[in-house]
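A quick write-up on the structure given underneath.
Number of protein chains: 2
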Amino acid sequence: MIKQTRTREVQSQIRKILGKHVYGNMYGLSEAQITNIDFLTKTVLGSAKVGNMHIIELVTKKFPGYNGIEGGVSIIALIEESHIALHTWPESSYATVDIYSCGDHSRPELAYKHILERLTPKKHKFFSADRGNMTVS
Amino acid sequence: MIKQTRTREVQSQIRKILGKHVYGNMYGLSEAQITNIDFLTKTVLGSAKVGNMHIIELVTKKFPGYNGIEGGVSIIALIEESHIALHTWPESSYATVDIYSCGDHSRPELAYKHILERLTPKKHKFFSADRGNMTVS
Chain D
139 MIKQTRTREV QSQIRKILGK HVYGNMYGLS EAQITNIDFL TKTVLGSAKV
189 GNMHIIELVT KKFPGYNGIE GGVSIIALIE ESHIALHTWP ESSYATVDIY
239 SCGDHSRPEL AYKHILERLT PKKHKFFSAD RGNMTVS
Chain V
139 MIKQTRTREV QSQIRKILGK HVYGNMYGLS EAQITNIDFL TKTVLGSAKV
189 GNMHIIELVT KKFPGYNGIE GGVSIIALIE ESHIALHTWP ESSYATVDIY
239 SCGDHSRPEL AYKHILERLT PKKHKFFSAD RGNMTVS
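Heads up: the sequence lines are chains D and V, in that order.
One point on numbering: in the working numbering, the residue at position 79 of the first sequence is 217, and numbering is uninterrupted.
One point on numbering: in the working numbering, the residue at position 6 of the second sequence is 144, and numbering is uninterrupted.
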């Protein structure tokens with residue numbers, strides 16, 4: 139009888155959402171790579187695959203050039219698990235990456251690592267944030 | 139002559155990218171609001187306007203329901219300044235917001251505040267991250 143009550147209590151609790159957001163700022167990148175929309179699109183698609191995430195829709199944009207340098211690229215992917223975003227600034231050899239993924243089946247760190255290995259920045263700063271609903275204070 | 143050399147040095151420096159990312163986890167939201175794709179789309183469009191950001195493309199997705207509760211919504215906007223993302227989980231009265239904006243003309247905090255005022259969560263956790271290229275250590 140006690141066990142049954144406990145089960146009911148668990149069922150009435152709010153559903154736990156696992157949400158993990160990893161993101162990074164990448165420095166010292168190749169201008170040729172970070173202006174190449176096809177290369178970057180493949181990189182984002184590859185990262186989703188490696189991280190076991192599932193793309194619903196992907197949007198890309200190539201920006202105009204700056205001071206004779208080719209324009210940067212933005213790619214955002216709406217995924218079943220949340221989103222992936224990649225923005226590049228070739229005039230500064232710079233890019234940022236966001237991988238925000240919900241559910242315990244996905245591996246956003248592996249997706250980030252995939253992008254890191256493709257872009258090979260000279261330096262990068264890596265961050266991680268809990269986007270789940272179990273950490274309210 | 140010295141002055142001219144200094145000018146050349148400044149010109150050869152890497153271009154500074156101002157990038158500010160504000161994001162939050164919002165708790166205790168209205169199921170009616172966070173399942174309403176039109177309301178949420180207007181909320182994202184309004185936040186871009188308030189924050190002086192410029193939408194290039196907006197993607198929306200309504201997810202299937204869960205245990206008799208209507209499905210959540212994801213909205214991501216590719217903007218000139220980077221991106222805006224809103225994800226909702228009505229089964230947990232929960233949503234997350236990301237506003238990542240580059241350039242000193244935009245006001246991501248005001249955009250976040252706009253979403254906060256529209257969704258009126260019981261609680262929220264707010265975060266801010268520097269996504270510019272001047273903070274490499």
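Cβ atoms here follow ideal geometry from the backbone N, Cα and C, with glycine treated the same way.
Since we're looking at a predicted model, the values are computed, not measured.
Along the chain, where does the alpha helix (DSSP H) that runs through residue 172 of chain V open and close? For this step, residue 172 of chain V is matched to residue 34 along the second sequence. Run containing residue 172 of chain V: 169-172, per the alpha helix (DSSP H) assignment.
First and last residue of the alpha helix (DSSP H) that includes residue 177 of chain D? Along the first sequence, read from residue 1 onward, the residue named residue 177 of chain D stands at position 39. That run of the alpha helix (DSSP H) goes 175-188.
Contact set between residue 211 of chain V and chain D, taken where Cβ atoms lie within less than 8 Å: Counting from one through the second sequence, the residue named residue 211 of chain V turns up at place 73. Against residue 211 of chain V, chain D offers no close residue; the least beta-carbon distance is about 11 Å (beta-carbon pairs closer than 8 Å).
Return yes when the Cβ of residue 269 of chain D is within less than 9 Å of the Cβ of residue 204 of chain V, no when it is not. Against the second sequence, residue 204 of chain V aligns to sequence position 66. Against the first sequence, residue 269 of chain D aligns to sequence position 131. Not a contact, by the Cβ cut-off of 9 Å.
Contacts of residue 195 of chain V in chain D (Cβ-Cβ under 7 Å): For the purposes of this step, residue 195 of chain V is taken as residue 57 along the second sequence, with counting starting at 1. Those within 7 Å of residue 195 of chain V in chain D are 197.
In the DSSP output, what is residue 238 of chain V paired with across the bridge? Indexing the second sequence from 1 puts residue 238 of chain V at position 100. BP columns for residue 238 of chain V point to V/159 and V/221.
Is the Cβ of residue 177 of chain V closer than 9 Å to any Cβ of chain D? On the second sequence, residue 177 of chain V is found 39 positions in, with the first residue counted as 1. Not one chain D Cβ lies under 9 Å of residue 177 of chain V.
May I ask you to list, following chain order, the residues of the region 251-266 of chain V that have a beta carbon less than 8 Å from some beta carbon of chain D? Near chain D, meaning a CB-to-CB distance below 8 Å, the residues of the region 251-266 of chain V are 261, 263 and 265.
Identify the continuous alpha helix (DSSP H) that holds residue 260 of chain D and give its terminal residues. Position 122 of the first sequence, counted from the first residue, corresponds to residue 260 of chain D. Careful: residue 260 of chain D lies outside any alpha helix (DSSP H) and carries neither H nor E.
Neighbour-count burial assignment, residue 158 of chain V, 16 or more Cβ in a 10 Å radius: Within the second sequence, the letter at position 20 stands for residue 158 of chain V. The residue in question, residue 158 of chain V, is buried, as its Cβ has 16 or more Cβ neighbours within 10 Å.
Cα-Cα separation between residue 224 of chain V and residue 258 of chain D, rounded to whole angstroms: By 1-based counting over the second sequence, the position of residue 224 of chain V is 86. By 1-based counting over the first sequence, the position of residue 258 of chain D is 120. Roughly 30 Å between the two C-alpha positions.
Between residue 189 of chain V and residue 231 of chain V, how many whole angstroms is the CB-CB distance? I'm expecting something under 8 Å. Along the second sequence, one-based indexing puts residue 189 of chain V at 51. Along the second sequence, one-based indexing puts residue 231 of chain V at 93. About 25 Å; that fails the 8 Å criterion.
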